[in-house]
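A.B. asks: Please read through the structure below; I'll follow up with questions.
Numbering (our numbering), first residue to last: 3 to 153.
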C-alpha cells in the first residue's frame, strides 16, 4: 500500500468497524478499526484520496475536562509543526469537537514484536538503526515539550 486509498481493508491491518463505531469522523469516512486503548480509538479512514489513521478520544476521557481539552488542543497544534520524519504528518483534526479527534497519514507496517516473531531477533546493525531513527523523532517531539505516548 502506498498511502493512496484503494478498495477495502485487505493488507491494511484494520478490522471491520463494530456496530457502535462511527462511520465518519469530521470529513473522514471510516473503513475499519486499527486499535483501541484507554484514551481512545484509532480508525482507518480516507482523507483526500489517501489512507489516514483517525484518532478519536473516548468521550469518557475528554468529557468536559477543560485542562484535558486544553492539552489536546496544544498537542494538535504542535503535531502540525512537527517535521515529517518525526511522525506521520497531520492531515486534519478538530480539537473543539466533542469528542476531539485528528487524522494523520496512515503508515502501514508491522510492530517490532511482529517482526521479531516472524524473523527472529534483529541484527545489531538493524537494531541500532531503529534506535537512532526513533531517538531522532523523539528529539523533535521533545523539542516542542510534547510526550509521545505511542512509541
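Built from N, CA and C at the ideal position, the CB exists for glycine as well.
Have a look at the DSSP bridge pairing and note the partners of residue 104.
C.D. replies: Residue mapping note: residue 104 aligns to position 102 of the chain shown, counting from 1. Residue 104 is bridged to 57 and 95.
A.B. asks: Going by DSSP, what residue range makes up the alpha helix (DSSP H) through residue 121?
C.D. replies: Position 119 of the chain shown, counting from 1, holds the residue named residue 121. Its alpha helix (DSSP H) spans residues 114 to 121.
A.B. asks: Quick one: what does DSSP say residue 26 is sitting in, helix, strand or coil?
C.D. replies: Along the chain shown, one-based indexing puts residue 26 at 24. Looking at residue 26 - three-state DSSP - the assignment turns out to be strand.
A.B. asks: What is the C-beta distance between residue 83 and residue 146, in whole angstroms, given that I count them as a contact (C-beta under 8 Å)?
C.D. replies: The count along the chain shown starts at 1 and reaches residue 83 at position 81. The count along the chain shown starts at 1 and reaches residue 146 at position 144. Residue 83 to residue 146, Cβ: 6 Å. Contact.
A.B. asks: In or out: residue 4 buried (at least 16 other Cβ within 10 Å) or exposed?
C.D. replies: Residue mapping note: residue 4 aligns to position 2 of the chain shown, counting from 1. Note that residue 4 has pLDDT 45, beneath the 50 cutoff, so the model's placement of it is unreliable and the number below is only indicative. Its Cβ having fewer than 16 others within 10 Å, residue 4 is exposed.
A.B. asks: Does the distance from the C-beta atom of residue 42 to that of residue 55 stay below 9 Å?
C.D. replies: The sequence position of residue 42 within the chain shown is 40, counting from 1. The sequence position of residue 55 within the chain shown is 53, counting from 1. No, the pair does not count as a contact, with Cβ atoms beyond the cut-off.
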